[in-house]
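Engineer:
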Amino acid sequence: MLLKGHLERVLFDEPAIHRRLDDIAAQISNDYRDRELTVIAVLHGSLMFVADLLRRIPLPLKLECLSVASYHGKAQTSGKVIFKLPMAGPSGGGQITLPDIAGRDVLILDDILDSGQTLATIQETLETAEPRSIRVCVLLSKKKQRVREVDPDYVGFEIEDEFVVGYGLDFRERYRNLPYIGVLRKELLEEG
Ligand code: IMP
Ligand code: MG
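1452 is the number of the first residue of the sequence shown in my numbering; add one for each residue after it.
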């Protein structure tokens, strides 16, 4: 079956996403017009979002990526956030090294704010590297009680507390390649 058949409904189609990215990019470009941004992309979920958003920001900026795992293939957060990237080079013994952000203006880009545990952990970990400022931008924010408080500076869309996929967002690593965002059919979430 084609991927679209796995969705209960589409929430944001491609034109809607792109129109919203135009707005956020304009806001960010205005806010950082006199500063040089260091963007930290939280992979893999933010991949499409980062690629499409950054191409709309006509300012000098640096891009770093981190990868974290918190879901372990379930539709609910496990509560434990594990940093997976970037890894230290051969001399670093394989431990996690944070991007060099001392004194920099950092903007974290993530796909979705759910329980808040992932972004709260990333934010507090990056703070230890003494950036000049840290802001958070998420494509989606679920309207719900959070386990950890996160106050994003830029939000693409607020959504109800439903499991969504597409445009980078996955369920068990699938559906990231859908160009739009939709609600996954409940019976697929419950399988396995
Ligand atoms: P949090 O730590 O609970 O805020 O979860 C954040 C991470 O969980 C996101 O970066 C996503 O990878 C994943 N996540 C949370 N809700 C959804 C969803 O509705 N669809 C797909 N992934 C989700
Ligand atoms: Mg995920």
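Using N, Cα and C, we set each Cβ at its ideal position, and we do this for glycine too.
1. Going by DSSP, what residues sit across from R1460 in a beta bridge?
2. Say yes only if the C-beta of S1521 is nearer than 7 Å to one or more non-hydrogen atoms of ligand 1, and no if none qualify.
3. Less than 7 Å between the CB of I1468 and some heavy atom of ligand 3, yes or no?
4. Could you tell me if V1601 is buried or exposed, where buried requires 16 or more neighbouring beta carbons within 10 angstroms of its beta carbon?
5. Measure the alpha-carbon distance for L1598 versus L1517 and round it to whole angstroms.
6. Can you tell me which of the three DSSP states E1578 falls into?
7. Measuring alpha carbon to alpha carbon, tell me which residue in D1556, T1576, L1640 and K1593 is nearest I1585.
8. Per DSSP, Y1605 forms a beta bridge with which residues?
9. Identify whether R1471 lies in helix, strand or coil by the three-state DSSP scheme.
Structural biologist: Per the coordinate set shown:
1. According to DSSP, which records beta bridges pairwise, R1460 is partnered with V1634.
2. yes
3. Inclusion of ligand 3 in the displayed structure is not the case, the ligand content consisting of ligand 1 and ligand 2 alone.
4. buried
5. Before going on, a small fix: residue 1598 reads as Val here, not Leu. Their backbone Cα atoms lie some 22 Å apart in a straight line.
6. helix
7. D1556
8. C1588
9. helix
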